[in-house]
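Peer 1:
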Amino acid sequence: MSRQKLNQHGFTIIEIAIVLLIFGLIVGGIMGPLQTQLDNMDRRETVQTLDTTREALVGFALRNGRLPCPDTSGDGQENKPGANCTNELGDVPWVTLGVKSVDAWKQPLTYRVDGSFADSATGTGCPDPDVPGISFELCSTGNITVRATSSGAVVASNVPAILVSHGKNWVSAGDVNEQENSDNDTNFVDKTHVNQGYDDLVVWVNINNLVGKMVSGNKLP
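Set out below in structure tokens:
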């Protein structure tokens, strides 16, 4: 083979390599923003699911005089074998509420409720008069607290119920704020989404809104 042909052959390989490199850079430049857009779409969808579920919780209270218990058996039904919830922490009872069973990442939503707002006992023991068939009173307060970080400022207190989507990364072992949202206590975190870090989405039932709805619905005086 002549030197000219060898040179032509080598130049062709270099050209192909350059084309592939440029193509890779173009695809990489497109895929990054595209993935970000897809992630944002999933987050918006999940926020809508959380908001709809929160509305369903309040609607359940209006119909039943209490908030629902969590689903602890995985069948979508609230678990309340007697006067009290089986557990105050579990999944959203989506069949009971008639809502979606999972977030945009196909994972169940975590639901925690103050048991005194979900039991069959009348009232929570605060000074206002009990109302037959209603689990709480005008003066009732929830036992859940939401913070800006695991040890940060209080964002909301006296919360009777809270919902959590654990995001795309589910529960990150290296993020103390995400661990706070999955450690089976009454403290939760709601903070700004961080790439490769905290990505939970959190909403809660505001006690004043809940009581206001119960008053408007003639369930509380």
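One gets this note's numbering by counting positions in the sequence shown from 1 and adding 2 to each.
Backbone N, C-alpha and C define an ideal beta-carbon position, used for all residues, glycine too.
By the DSSP assignment, the alpha helix (DSSP H) with Ser137 in it spans what residues?
Peer 2: Numbered from 1 along the sequence shown, position 135 holds the residue referred to as residue 137. Premise fails: Ser137 is in no alpha helix (DSSP H) and is neither H nor E.
Peer 1: Give me whichever residues DSSP pairs with Thr112 in a beta bridge.
Peer 2: On the sequence shown, residue 112 is found 110 positions in, with the first residue counted as 1. Paired residue(s): Asp93, Val166.
Peer 1: Taking its Cβ as the centre, do 16 or more other Cβ atoms sit within 10 Å of Ile209, making it buried, or is it exposed?
Peer 2: Here residue 209 refers to the residue found at position 207 when the sequence shown is read from its first residue. Buried: at least 16 other Cβ atoms inside 10 Å.
Peer 1: If contacts are defined as beta-carbon pairs under 8 Å, then Leu91 and Pro72 qualify, I think. What distance do you get, rounded to the angstrom?
Peer 2: The residue given as residue 91 occupies position 89 in the sequence shown. The residue given as residue 72 occupies position 70 in the sequence shown. Going by Cβ atoms, the distance from Leu91 to Pro72 rounds to 6 Å, so yes, they are a contact pair.
Peer 1: For Asn160, collect the residues of the same chain with a Cβ closer than 7 Å to its Cβ; drop the 5 residues on either side in sequence, then sort them by chain order.
Peer 2: As a first step, residue 160 must be located in the sequence shown, where it is residue number 158. Answer for Asn160: Thr143, Gly144, Ile209, listed in chain order.
Peer 1: Can you give me the C-alpha to C-alpha distance between Asp41 and Gly169, rounded to a whole angstrom?
Peer 2: Here the question's residue 41 lines up with position 39 in the sequence shown. Here the question's residue 169 lines up with position 167 in the sequence shown. So the two alpha carbons sit approximately 10 Å from each other.
Peer 1: Starting from the C-beta of Gly67, find all residues in its chain whose C-beta is less than 7 Å away, skip the five residues before and the five after it, and write them out in chain order.
Peer 2: The sequence position of residue 67 within the sequence shown is 65, counting from 1. Counting only Cβ-Cβ distances below 7 Å, and skipping sequence neighbours, we find Gly135, Ile136, Ser137, Lys221.
Peer 1: Please report how far the alpha carbon of Leu140 lies from the alpha carbon of Pro95, in whole angstroms.
Peer 2: Counting from 1 along the sequence shown, the entry for residue 140 is found at position 138. Counting from 1 along the sequence shown, the entry for residue 95 is found at position 93. Whole-angstrom Cα-Cα distance: 25 Å.
Peer 1: By alpha-carbon positions, which one of Thr126, Asp185, Val196 ends up nearest to Pro162?
Peer 2: Here the question's residue 162 lines up with position 160 in the sequence shown. Considering only alpha carbons, the answer is Thr126.
Peer 1: Where does Leu203 fall in DSSP's three states?
Peer 2: The residue you call residue 203 lines up with position 201 of the sequence shown. Three-state result, Leu203: strand.
Peer 1: In the DSSP assignment, find the alpha helix (DSSP H) that holds Val217 and state where it starts and stops.
Peer 2: The residue you call residue 217 lines up with position 215 of the sequence shown. That run of the alpha helix (DSSP H) goes 209–218.
Peer 1: Around the C-beta of Thr14, are 16 or more other C-beta atoms found within 10 angstroms, so that it is buried, or is it exposed?
Peer 2: Here residue 14 is taken as the residue at index 12 of the sequence shown, counted from 1. Note on Thr14: under 16 other CB atoms within 10 angstroms of its CB, so exposed under the neighbour-count rule.
Peer 1: Just to confirm before moving on: does the CB-CB distance between Asp121 and Asn86 stay below 7 Å?
Peer 2: Locating residue 121 in the sequence shown gives position 119, counting from the first residue. Locating residue 86 in the sequence shown gives position 84, counting from the first residue. It is a contact, given that the beta carbons lie within the stated cut-off.
Peer 1: Could you check how far apart the C-beta atoms of Phe190 and Ile146 are, in whole angstroms? I think they sit under 8 Å.
Peer 2: If you number the sequence shown from 1, residue 190 lands on position 188. If you number the sequence shown from 1, residue 146 lands on position 144. With 8 Å as the limit, Phe190 and Ile146 qualify as a contact, their Cβ atoms being about 7 Å apart.
Peer 1: Below 8 Å on the Cβ atoms is my contact criterion, and I expect Val97 with Leu203 to pass it. Report the Cβ-Cβ distance as a whole number of Å.
Peer 2: As a position in the sequence shown, residue 97 is number 95, starting the count at 1. As a position in the sequence shown, residue 203 is number 201, starting the count at 1. So it is not a contact: roughly 22 Å between Cβ atoms.
Peer 1: Assuming the contact rule is C-beta atoms closer than 8 Å, Leu52 and Leu165 should be a hit. Round their C-beta distance to whole Å, please.
Peer 2: Within the sequence shown, residue 52 is the residue found at index 50, counting from 1. Within the sequence shown, residue 165 is the residue found at index 163, counting from 1. At roughly 5 Å, the Cβ-Cβ gap stays under 8 Å, so Leu52 and Leu165 are in contact.
Peer 1: Taking 6 Å as the line, does the beta carbon of Arg114 fall inside it for any heavy atom of the ligand ADP?
Peer 2: Summarising the ligand content, the structure contains no ligands, and the ligand ADP is consequently not present.
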